[in-house]
Amino acid sequence: MMLETAKIRNLSVIAHIDHGKSTLSDRILELTKAVDPREMREQYLDSMDIERERGITIKAQNVRVSWKGYTLHLIDTPGHVDFGYEVSRSLAACEGVVLLVDASQGIEAQTLANCYLAIESDLEIVAVLNKIDLPAADPERYAAEIETVLGIPAESILRVSAKTGQGVAELLDAVVERIPAPKGDANAPLRALIFDSLYDQYRGVVSSIRIMDGKLKSSDRLRFMQANSFHGVEEIGARMPVPHPVDELGPGEVGYLITGIKDIGQARSGETVTTAERGATEPLEGYRHPKPMVFCGLYPVDGDEFEDLRESLEKLRLNDSSFSYDPETSLALGFGFRCGFLGLLHMEIVRERLEREFNLSLIATAPSVEYRVHLVGQPEFIVVDNPSEMPAAQSVAKIEEPFLKIDILTPTEFTGAVMDLCQTRRGEMLQMNYISPERVELNYRIPLAEVVMDFFDALKSRTKGYASLDYEADGYAESDLVKLDILLNSAPVDAFSAIIHKSKSYDYGRKMVAKLRELIPRQLFDVPIQAAVGGRIIARETVKARRKDVLAKCYGGDITRKRKLLEKQKEGKKRMKNIGRVEVPQEAFISALRLEEGN
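Written out as structure tokens, the structure reads:
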């Protein structure tokens, strides 16, 4: 039976990482008796182990609960900046948001970014200060801060403690009162938005959907408009939070859809679903193909595990269609894959899931980004995401690199340290706002390549963990970039190559050769380690030869005999040096690539 539209409220909870979003979802499930008390556990909606450990939500979840005769659809969104597009699709399925702010920390950068997304989508905002039970909580101060920054009156901001349950009932009353009921014409052609999909090994792809117009029946044949594919409905239903099959979903309802699709790429976030016969002609707005921003090579430590890695990537891809992978070979590391990710956290999560769920040992090369390389005398540019593919310096007219607009919120005492960090990373300040006497917001334009290494770690360490960061892509611009090669015994090692700004190439090259000198074991001949830019050597270290004691059997006797043996050894070393190949242990690659991450 279809729900009455006036009695439905669709809401999303947006908050910065660790501000209590998943805990609030737990309390709502308890209060509305959606979950049996015996089955209740913490972070109920976070199903992945990695989500529980890191305290973050990676996959958006949704649940239907009842409150005083109203049906609330609670859509939990990812809180991390890498998943900004997923957040925007979750918000598109709602009429209002609960903006959750920690009463002991105040507004953070990502809360602001998601809140602006909600304002742009014209959603009703219910502001809430959480964690009022903490001794460090200062609700009055942070309510005034929210009023200053977002213009939400301080007296309308609710105070709750998701941990103890205080104020959660009043929050649900406010949701019913303030958030409007969904609009939608039940007699129009079906238009439904997919805002998340996950892969079930028994049932195929299970999509979370919101019906915008029309009705979705369990007997329908559907057309996926962006993928342009046709599928029959196997099951539709609502999550309460246990999946509960129904015969039909009407306008404003949120539920799940199973059509037997086996490839999650066919049911991406943002996809519009309509009926095959007499369906809608225009898809819903806002669909974007996920575009990787950060690239790195993943290689098995043991070369025999290459096929296992390929299978693991295929299986992981079933659950996450937003990363890409292509096979590649490296002279130093053997066979592996070049993978593209939405951002650094996304890269870390995929790598950790591969090592954990599939029991693989991996080497990841330093993260890089996509450069646009304009060649001399050619109108078109080529896209390079791997330093080893960079054309020779003499054929390059100019190189463009991607930029970001970053938004940093920090306590005022760390302003100088943050500005210094952004300036050393080639950042250009756009503006600076004091949102309260104690906190400042800084906006910079900065190259993506400078952020992907360890910008976030450096920001946290300089601000004792108090700063927060949000970013968005801001196009490409020309930069003075060079390819830096590392040569071992005059032969380039592709795994250590990097594309780097000319002003930083000398420092980076010097650090890299010094590190490799410690890591490479001594051979029977001298090994020169050189850093070169376009054929010019800019730094050098030498691993001295290990000497075999050829005089061990000469105790006393004629000096000419000893000299003859030493000369013979010298000749042999010379010949060996010409044909000798340097043995580089696996640990050296792992440690040297760590240096790149932790520079």
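Oh and the sequence shown: position 228 is 780 in our numbering, straight run, nothing missing.
Heads up, the beta-carbon is just placed ideally off N, CA and C, and yes, glycines get one too.
Q) Does the Cβ of Gln818 have 16 or more other Cβ atoms within 10 Å, making it buried, or fewer, making it exposed? A) By 1-based counting over the sequence shown, the position of residue 818 is 266. Buried, since its Cβ has 16 or more Cβ neighbours within 10 Å.
Q | Which of helix, strand or coil DSSP assigns to Tyr1058 | A | Stepping through the sequence shown from its first residue, residue 1058 is reached at position 506. If DSSP states are grouped into helix, strand and coil, Tyr1058 belongs with the helices.
Q | Met792 - DSSP class collapsed to helix/strand/coil | A | Numbered from its first residue, the sequence shown carries residue 792 at position 240. Coil, per DSSP.
Q. How would you write the range of the alpha helix (DSSP H) that Phe1007 sits in, first residue to last?
A. The sequence position of residue 1007 within the sequence shown is 455, counting from 1. Segment 1007–1014, the alpha helix (DSSP H) holding Phe1007.
(Q) So, at 7 angstroms on beta carbons, what are the nonlocal neighbours of Asn666 in its own chain, with the 5 sequence-adjacent residues on each side left out? (A) As a first step, residue 666 must be located in the sequence shown, where it is residue number 114. So the qualifying residues of the chain are Ile566, Val639.
**Q.** Buried or exposed by the 16-neighbour rule on C-beta atoms within 10 Å, applied to Lys573
**A.** For the purposes of this step, residue 573 is taken as residue 21 along the sequence shown, with counting starting at 1. By the C-beta density criterion, Lys573 is buried, having at least 16 other C-beta atoms within 10 angstroms.
Q. Can you tell which of Ile960, His568, Glu722 has the C-alpha that lies nearest to the C-alpha of Val1003?
A. Stepping through the sequence shown from its first residue, residue 1003 is reached at position 451. Selected option, being the one with the closest Cα: Ile960.
Q: Below 8 angstroms on the Cβ atoms is my guess for Thr964 versus Glu990; work out the distance and round it to an integer in Å.
A: By one-based count along the sequence shown, residue 964 stands at place 412. By one-based count along the sequence shown, residue 990 stands at place 438. Thr964 to Glu990, Cβ: 6 angstroms. Contact.
Q | Outcome for Ala714 when other beta-carbon atoms lying within 10 angstroms are tallied against a minimum of 16 | A | Residue 714 sits at position 162 when you count from the first residue of the sequence shown. Residue environment analysis places Ala714 among the buried positions, since at least 16 neighbouring C-beta atoms fall within 10 angstroms of its C-beta.
Q) With burial defined as no fewer than 16 other Cβ atoms inside 10 Å of the residue's Cβ, what is the status of Ile1052: buried or exposed? A) The count along the sequence shown starts at 1 and reaches residue 1052 at position 500. Looking at its Cβ environment, which holds 16 or more other Cβ atoms inside 10 Å, Ile1052 is buried.
**Q.** Enclosing alpha helix (DSSP H) for Pro691 [first to last residue]
**A.** The sequence position of residue 691 within the sequence shown is 139, counting from 1. Element bounds for Pro691: 691–702.
Q.
Check this for me: beta carbons of Tyr507 and Leu865, under 8 angstroms apart or not?
A. Coverage of the chain is limited to positions 553 through 1151, which leaves residue 507 absent and any answer about it impossible.
Q | Whole runs of the beta strand (DSSP E) within the segment 823–859, excluding any shorter than 3 residues | A | Runs of the beta strand (DSSP E) inside the segment 823–859: 824–827, 846–852.
Q) Mapping DSSP to helix, strand and coil, what is His625? A) Within the sequence shown, numbered from 1, the residue matching residue 625 stands at position 73. Correct three-state label for His625: strand.
Q. Of all the options Ala558, Ala1050, Val948, Leu1021, which has the alpha carbon lying nearest to the alpha carbon of Asp737?
A. In the sequence shown, counting from the first residue as 1, residue 737 sits at position 185. Among Ala558, Ala1050, Val948, Leu1021, the Cα nearest to that of Asp737 is on Ala558.
Q: In the DSSP assignment, find the unbroken alpha helix (DSSP H) run with Glu729 in it and report its ends.
A: Stepping through the sequence shown from its first residue, residue 729 is reached at position 177. Residues 720–730.
Q. Of the residues Ala1097, Ile677, Gln718, Val1095, which one's Cα is nearest the Cα of Leu576?
A. For the purposes of this step, residue 576 is taken as the residue at position 24 of the sequence shown. Ranking the options by Cα distance to Leu576, first place goes to Gln718.
Q | Whole-angstrom distance between Val925 and Pro931, CA atom to CA atom | A | For the purposes of this step, residue 931 is taken as the residue at position 379 of the sequence shown. For the purposes of this step, residue 925 is taken as the residue at position 373 of the sequence shown. Approximately 11 angstroms, taken between the alpha carbons.
Q: Would you mind sorting Asn614 into buried or exposed? The rule is 16 or more other CB atoms within 10 Å of its CB.
A: Position 62 of the sequence shown holds residue 614. With at least 16 other beta carbons inside 10 angstroms of its own, Asn614 counts as buried.
Q: Would you list, in sequence order, the uninterrupted alpha helix (DSSP H) runs of no fewer than 4 residues that lie entirely inside the segment 712–787?
A: DSSP runs (the alpha helix (DSSP H)) wholly in the segment 712–787: 720–730.
Q.
Which of the three DSSP states is assigned to Thr917 in this structure?
A. For the purposes of this step, residue 917 is identified with residue 365 of the sequence shown, where counting begins at 1. If DSSP states are grouped into helix, strand and coil, Thr917 belongs with coil.
Q) Looking at C-alpha atoms only, which residue of Val921, Glu922, Glu907 is the closest neighbour of Ile915? A) Against the sequence shown, residue 915 aligns to sequence position 363. Closest option to Ile915, Cα to Cα, is Glu907.
Q: Could you name the residues that DSSP lists as bridge partners for Arg616?
A: In the sequence shown, the residue the question calls residue 616 occupies position 64. Per DSSP, His625.
Q. What do you get for Met1064, buried or exposed, if any count of 16 or more other CB atoms within 10 angstroms of its CB means buried?
A. Your numbering for residue 1064 matches position 512 in the sequence shown. When all chains shown are included, Met1064 counts as buried.
Q: In angstroms with no decimal places, state the Cα-to-Cα distance between Gly607 and Leu750.
A: To locate residue 607, count along the sequence shown from 1; it is residue 55. To locate residue 750, count along the sequence shown from 1; it is residue 198. In this predicted model, Gly607 has a pLDDT of only 45, less than 50, meaning its place in the structure is not dependable; the value taken from the coordinates is given anyway. Answer to the nearest angstrom: the Cα atoms are 20 angstroms apart.
Q) Residues in its own chain within less than 6 angstroms of Leu724 by CB, not counting five upstream and five downstream? A) Stepping through the sequence shown from its first residue, residue 724 is reached at position 172. Trp619, listed in sequence order.
**Q.** Cβ shell of Gly1087 (< 8 angstroms), same chain only, five flanking positions each side left out
**A.** To locate residue 1087, count along the sequence shown from 1; it is residue 535. Around Gly1087: Ala945.
Q: Take the Cβ of Lys1067 as the centre, count every other Cβ of all protein chains shown within 10 Å, and call the residue buried at 16 or more, exposed below.
A: Translated into positions along the sequence shown, residue 1067 becomes position 515. Classification for Lys1067: buried.
Q. Between Leu768 and the rest of its own chain, which residues show a CB-CB distance below 7 angstroms, the 5 nearest in sequence each way excluded?
A. In the sequence shown, residue 768 corresponds to position 216, counting from 1. Only Leu742, Ala744, Ile788, Glu800, Leu801 meet the Cβ criterion.
Q. Any idea which residues DSSP pairs Cys891 with across the strands?
A. Numbered from 1 along the sequence shown, position 339 holds the residue referred to as residue 891. Paired residue(s): Cys848, Tyr877.
Q) In three-state terms, what does DSSP make of Gln975? A) Reading the sequence shown from its first residue, position 423 is the one you call residue 975. In the structure shown, Gln975 sits in a helix (DSSP, three-state: H, G or I).
Q) How is Ile958 classed by DSSP in three states: helix, strand or coil? A) Stepping through the sequence shown from its first residue, residue 958 is reached at position 406. Of the three classes helix, strand and coil, the one that applies to Ile958 here is strand, per DSSP.
Q) From Asp598 to Lys843, what distance separates their C-alpha atoms? A) In the sequence shown, counting from the first residue as 1, residue 598 sits at position 46. In the sequence shown, counting from the first residue as 1, residue 843 sits at position 291. Legend: pLDDT at Asp598 = 49, less than 50; position of this residue unreliable, no value from coordinates given.
Q.
One question on the structure: do Leu624 and Val720 come within less than 8 angstroms of each other, judged by their Cβ atoms?
A. Residue 624 sits at position 72 when you count from the first residue of the sequence shown. Residue 720 sits at position 168 when you count from the first residue of the sequence shown. For Leu624 and Val720, no; Cβs fall outside 8 angstroms.
Q) Between the Cα of Glu900 and the Cα atoms of Val846, Asp856, Pro939, which residue gives the shortest distance? A) Reading the sequence shown from its first residue, position 348 is the one you call residue 900. The residue with the shortest Cα to Cα distance from Glu900 is Val846.
Q.
DSSP has His1053 in a bridge; who is on the other side?
A. Position 501 of the sequence shown, counting from 1, holds the residue named residue 1053. DSSP, once it has assigned bridges, lists Leu1033 as partnering His1053.
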